Amino acid sequence: MPNFTFEVTKTCAQTGARLGVLHTPHGDIHTPVYMPVGTAATVKAMTPRELMEIGAEIILSNTYHLHLRPGEDLIREAGGLHQFMAWPKPILTDSGGFQVFSLSGIRKIKEEGVTFQSHLDGSRRFISPEVSMDIQHALGSDIMMAFDVCTAYPCDHATAKDAMERTHRWAARCKAHHAKAPSADTQALFGIVQGAFFNDLRIESAKVLADMDFIGYGIGGLSVGEPKPIMYDMLETIMPYMPGNKPRYLMGVGSPDCLVEGVMRGVDMFDCVLATRIARNGTCFTRAGRLVIKNAKYARDFGPIEEDCDCYACRNFSRAYIRHLFKAGEITGARLASIHNLRFLLRLMEDVRAAITEDRFGDFRKAFFDKYDLSRNF
RNA sequence: GGAUGGGUUCCCGAGUGGCCAAAGGGAGCAGACUGUAAAUCUGCCGUCGCAGACUUCGAUGGUUCGAAUCCAUCCCCAUCCA
């Protein structure tokens with residue numbers, strides 16, 4: 118599939134962390150990459166122009182949410198998701214698999230697929246691997262995710278095995294269904310490794326999916342409440358079994374420290390709602406750790422969120438002003454904090470890529486954690 | 001000058017004899033947030049403390065076993081009449 122070649126362009130001599138480029142029909146993605154999340158066809162509080170300005174190369178959207186509203190037919194009629202939301206760069210769509218997990222109270226899983234009760238109006242909706250593919254075809258995303266079954270933490274071995282095996286069967290169905298689509302060559306399909314927190318299952322899942330030869334691989338079912346060292350251990354366990362010439366996408370991660378640690382362990386792609394969600398709730402990332410901008414101690418702090426940040430918010434506005442906006446309930450507060458947090462992660466990844474290029478990612482990582490306060494982290 | 005209605009914890013506002021440190025909002029303070037059911041949610045919000053104790057409902061005095069609630073006087077506020 119020439120539309121989606123992935124090249125590992127450099128491996129850090131110090132750490133083995135890798136640098137790459139994923140070519141897509143809507144442009145190149147330089148990895149390791151952080152992908153802002155735009156579930157409902159918008160990265161909340163951000164315009165596409167602003168996303169371009171802060172250096173986003175690819176964003177995420179969601180099958181389940183867009184299926185419910187406005188519906189994939191409408192988006193197809195609009196010319197596809199890129200045109201509908203006026204975002205010309207690559208888009209990755211999640212399959213709805215995560216909603217199988219996060220909406221566990223209002224869905225039922227069977228072998229054929231999952232019946233959801235819409236969180237919007239309670240109506241019953243059915244999503245199967247085939248339906249998920251069809252919806253993602255209508256959306257026209259560059260990268261489609263297989264419809265998987267994500268498990269919670271903790272999770273017993275039998276349940277994890279069950280979910281993993283179903284994920285594999287569903288991955289095969291996704292692949293078969295996608296192969297028949299007109300867009301089979303212009304939309305890439307990623308498989309998703311599951312297996313909860315069991316080494317044997319994770320390794321098995323990585324192997325099974327590798328044999329199925331996907332364009333790239335999601336690592337799902339992590340960052341679901343487990344302690345970080347457990348997640349890091351899982352990454353180390355499976356990475357030797359992940360195809361070296363395919364992009365590896367750690368789904369739903371994460372915080373600044375998790376990104377650095379993920380890259381250290383061979384992850385190429387990340388996405389996370391954390392940056393934009395905590396931004397709307399009044400918390401900012403900084404290289405020193407979290408900064409709760411709405412706290413009273415910043416009422417008369419006329420410096421920027423972060424002194425050496427190059428984002429629009431930091432170049433023009435003070436902590437005192439942004440705090441005021443939050444206290445006043447003004448949406449500009451959420452917008453400025455979102456711009457900052459996204460730019461923070463995108464810039465962190467730019468710095469990570471530069472460090473790998475120069476064979477000093479180990480030094481970079483050490484300097485990062487020397488400065489970053491983990492005691493009040495996410 | 002007269003009539004009527006009022007004065008409740010930072011603000012608004014419920015409460016008309018015990019179940020009241022006093023509903024409910026708001027404001028304030030803090031916390032949570034990781035493939036987004038989130039511009040959301042949670043906690044605290046008289047004082048000291050574990051329990052519990054203590055001081056509060058315009059002021060003063062009274063009735064009562066018991067008062068934010070009843071009575072008296074006074075001080076303020078609002079509206080209306082002169």
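Every number in our numbering is 117 more than the matching position in the first sequence, counting from 1. Each residue gets a CB set at the ideal place from its N, CA and C atoms; glycine is no exception. Given the structure is predicted, the values throughout are model-derived calculations rather than measurements.
For A162, the CB contacts under 6 Å within the same chain, skipping 5 residues up- and downstream, are A451, R452, S455 in chain order. With 16 or more other Cβ atoms from the protein chains shown falling within 10 Å of its own Cβ, P207 counts as buried.
Sequence-distant Cβ neighbours of I347 in its own chain, meaning closer than 7 Å and more than five residues away, are F314.
The beta carbon of L352 sits closer than 6 Å to the beta carbons of R382 from its chain, once the five residues preceding and following it are set aside; these are given in chain order.
G308 sits in a strand when the DSSP states are folded into three classes. Unbroken beta strand (DSSP E) stretches of 3 residues or longer found wholly inside the region 271-356: 305-310, 333-336, given in chain order. Contact between V469 and V377 holds, with the beta-carbon distance rounding to 7 Å and staying under 8 Å.
When the beta-carbon positions are compared, D145 and N179 stay at least 7 Å from each other.
Rounded to whole angstroms, the separation of the alpha carbons of I395 and L306 is 30 Å. For R135, the enclosing beta strand (DSSP E) begins and ends at 135-141.
Residue environment analysis places K444 among the exposed positions, since fewer than 16 neighbouring C-beta atoms fall within 10 angstroms of its C-beta. In this structure, P364 lies near F123, with their beta-carbon atoms less than 7 Å apart. Taken through DSSP and simplified to helix, strand or coil, S372 comes out as coil. For F243, same chain residues with a beta-carbon under 8 Å away, outside a window of 5 residues either side, are G230, V231, T232, F233 in chain order.
Cβ-Cβ separation between S340 and F495: approximately 10 Å, too far for a contact (criterion under 8 Å).
Shown here, F481 sits in a helix according to DSSP, grouped into three states.
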